[in-house]
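Quick note on numbering: the working numbering labels position 297 of the sequence shown as 635, and the sequence is numbered without any gaps.
Read the structure below first, then the notes.
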Amino acid sequence: MNPARSWLSFFLAGFLVIVAMLIVTLFTPAPYGDLTRIGRLSDADFGWRAPPPVVEKAYVQGVPLAEADVVVVGDSFSMTHRWQSKLVQQGYKVSTMYWGQIGWLCEDFTPWIRKAGFKGQLVVIESVERLLGERLDKGAQCKAMAREPQVKAKPFLEPLEVVPTFALNWEAKLTTGVITWANMRKVRQSAGDTIYSEETRVRNVKDGCKYFSHRMCEKALFFIEDTDNPPLEPRAVGQMKTFIASQPELRFIWMVIPDKTTVYIDHDHAAGFAKAFAESKLGPDLFGFAADQREHVRDFYFPNDTHLSMHGQLILGERMLQAVKEVMPPPSGRKP
339 MNPARSWLSF FLAGFLVIVA MLIVTLFTPA PYGDLTRIGR LSDADFGWRA PPPVVEKAYV
399 QGVPLAEADV VVVGDSFSMT HRWQSKLVQQ GYKVSTMYWG QIGWLCEDFT PWIRKAGFKG
459 QLVVIESVER LLGERLDKGA QCKAMAREPQ VKAKPFLEPL EVVPTFALNW EAKLTTGVIT
519 WANMRKVRQS AGDTIYSEET RVRNVKDGCK YFSHRMCEKA LFFIEDTDNP PLEPRAVGQM
579 KTFIASQPEL RFIWMVIPDK TTVYIDHDHA AGFAKAFAES KLGPDLFGFA ADQREHVRDF
639 YFPNDTHLSM HGQLILGERM LQAVKEVMPP PSGRKP
């Protein structure tokens, strides 16, 4: 074979490989769950299929701090404003800010939020289970809030309002399809847990098809930090009480959202904390609440994500509305 023909053969072989990779990638659905995206797994198998509820846009609009009845300090579980919409529907004016924007809750929280314009009394502190321990430890060590509050009217994240349909995946990297195919092959061949991209864990879920709507419903995806982070301990409840005692001008509801792994796999991961928190009456017992809703609501948490689904968010909002009403009755006659 002469050099020119040899070069052409190599070129054609490489070209065919690239074309094959492109075709596989184009027909690999673009991920719409955090855990499928991180783990490079297929939403054809792990994507939720139950149509999400749609919330009127007026109910997910926040207000400036100076107008708020309720301030929410939250994380990604509060970024869609969906659970807050249940408060807004009852006439409460809600402002939401995020841990990532303000840092920790320090000793001067009350003068800090008053200076920013908040005239109300109630603050809801929302945190997912796996991050609360660090947040409380850091807050106990700081004297002054480090950043100015940032409040926006629109949700930080807008959730999907329909089940995604098939579309060619033009925006993915060339290797995406092959990697996803290889990962899904491993998922199908593995009887036990498997880990992808060091953060997404595929786990068998007992009665999984009762709990989730995705095609491969005997398995679901979980964030590895749920189990790698130290479990919350009862001492965290003491830290919460200490913070509240240092802010006598305000009223607080602590909103601790259990990790997805705690809800579906390791129910006793933070059992000591959950018991102490329920007894403290610092906020609603969302550990027991989630365990109950898991049995009644398919896709209470997304199968392909670490967060509550929009079905779960609205049910959570109803529970939080009850908790808020116990502290502060809704404004009479006010609607958004």
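Cβ coordinates follow ideal geometry from the N, Cα and C atoms, glycine included.
Leaving aside the five residues that flank P493 on each side, the residues in its chain whose CB is nearer than 7 Å to its CB run, in chain order, V398, M417, T418 and H419. Of the residues C555, D623 and R539, the one whose Cα lies closest to the Cα of A612 is D623. Contact check between the stretch 371-388 and the stretch 521-541: three or more CB pairs, one atom from each, fall below 8 Å, which counts as touching. Annotation for N521: the continuous alpha helix (DSSP H) segment containing it runs T514 to Q527.
F561 is a Cβ neighbour of T644, given a cutoff of 7 Å. Within 10 angstroms of the beta-carbon of E633 lie fewer than 16 other beta-carbons, which makes it exposed.
K663 counts as exposed, since fewer than 16 other beta carbons sit within 10 angstroms of its beta carbon. In the three-state DSSP reduction, R636 falls in the coil class, being neither helix nor strand. The alpha-carbon of P669 is positioned some 45 Å away from that of F504.
DSSP, reduced to helix, strand and coil, places G412 within a strand of the structure shown.
For F611, the uninterrupted alpha helix (DSSP H) segment begins and ends at A609 to S618. In this structure, S551 lies away from D606, with their beta-carbon atoms at least 7 Å apart. Taken in chain order, the unbroken stretches of alpha helix (DSSP H) that lie wholly in the stretch 421-455 and span 4 residues or more are 437-440 and 447-453. DSSP lists A558 as the bridge partner or partners of R541.
With contacts defined as CB atoms closer than 7 Å, V462 and M593 qualify as a contacting pair.
The stretch 565-578 makes no contact with the stretch 444-452: fewer than 3 CB pairs, one atom from each, lie closer than 8 Å.
Between the stretch 494-502 and the stretch 466-475 there are fewer than three inter-stretch CB-CB distances shorter than 8 Å, so the stretches are not counted as touching.
Inter-segment contact for the stretch 515-527 and the stretch 469-479 is absent: fewer than three beta-carbon pairs are separated by less than 8 Å. Here DSSP, grouped into helix, strand and coil, assigns M666 to coil. Rounded to whole angstroms, the separation of the alpha carbons of W442 and Q585 is 15 Å.
Approximately 19 Å separates the beta-carbon atoms of D413 and L460; this is outside 8 Å, ruling out the contact.
A direct Cα-Cα distance of roughly 11 Å separates P369 from W386. Our two residues, V525 and T565, have alpha carbons roughly 20 Å apart in a direct line.
Cβ contact annotation for I603 (same chain, cutoff 8 Å, sequence separation greater than five): R541, V543 and F560, in chain order. Rounded to the nearest whole angstrom, the C-alpha separation of N642 and A491 is 28 Å. Just measuring C-alpha positions, the residue of G438, P497 and P367 sitting nearest N507 is P367. The Cβ neighbour count for C547, taken over all protein chains shown within 10 Å, is under 16; the residue is labelled exposed. Excluding sequence positions up to five before and after A454, its CB lies within less than 6 Å of the CB of L403 and P487, all in the same chain and listed in chain order.
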